[in-house]
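In this note's numbering, the protein residues as written are 4 to 218.
Notes to accompany the following structure.
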């Protein structure tokens, strides 16, 4: 592979995925908002509300028995949909502006990931946090339940105008290949629109017949 300084211009080489069969977002029953404690950049849901958020909406990860821990993007999504009432650990009720500012101060790129998360949810997918290293999310086939089945796709989040190095591209394609999942690039443009591009490895054989290089 080329060295780390070479960068891959995403739009020029990847075929855009045309999703013509977009489904409705996962519909959850109208119920009273769940109570969430905002602590250390995440949301904590008590046992009285954890089941319906987890089972009906596929949000959060179980901790400490029956409690549920929400990732920042999940918390933002629930706030936007008015599904939660958020307080601090001291019991003070806080608004969405406070939470958004706190989260973005810690992670300026969070909003880009949130736009992708929200878009995927609007297309009817269950979404979980990724493996790190640029892989922002794991996405499950429509109808599959996290925990009961494995994710089918890994989502690498990109902001338009910010290139990816070839070494990073090689790393994430290897990660997807080793985990037997499809790799999708989610590219967020300057207007906040999300476009998806499928990425795959291929092998080019040297015309001399001596070597091959994986791209």
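Note that CB positions come from ideal geometry on N, CA and C, so glycine has one too.
Predicted, not measured: the structure shown is a model, and the values here were computed from it.
Unbroken stretches of the alpha helix (DSSP H), 4 residues or longer, contained in the stretch 21-106: 50-60 and 75-83
For residue 156, the three-state DSSP class (helix, strand or coil): strand
Where the alpha helix (DSSP H) through residue 179 begins and ends: 169-181
Residues near residue 203 by beta carbon distance below 6 Å, same chain, minus five either side: none
Sequence-distant residues of the same chain with beta carbon closer than 6 Å to residue 128, five excluded per side: 142
Closer than 7 Å: residue 87 CB and nearest the ligand COA heavy atom: In terms of ligand content, the structure shown is empty, and the ligand COA therefore cannot be addressed.
Which listed residue (78, 115, 112 and 182) has its alpha carbon closest to that of residue 101: 78
Residue burial classification, residue 97 (beta-carbon count within 10 angstroms, cutoff 16): exposed
Beta-carbon proximity of residue 63 to residue 57, cut-off 8 Å: yes
Check whether residue 187 and residue 158 have beta carbons under 8 Å apart: yes
Neighbourhood of residue 92 by C-beta distance below 7 Å, restricted to the same chain and skipping five residues each side: 40 and 42
Rounded separation between residue 75 and residue 34 - CA only: 22 Å
Endpoints, the alpha helix (DSSP H) within which residue 121 is located: 113-125
Residue environment, residue 139, which counts as buried when at least 16 other CB atoms sit within 10 Å: buried
Residue 104 burial status per 10 Å Cβ neighbour count (16 or more: buried): exposed
For residue 198, three-class secondary structure by DSSP: strand
Endpoints, the beta strand (DSSP E) within which residue 133 is located: 130-135
Distance CB(residue 46)-CB(residue 73) smaller than 8 Å: yes
Cβ pair residue 119, residue 37 closer than 8 Å: no
Which residues DSSP lists as bridging residue 141, in chain order: 131 and 157
Burial state of residue 181 (16 or more Cβ within 10 Å): exposed
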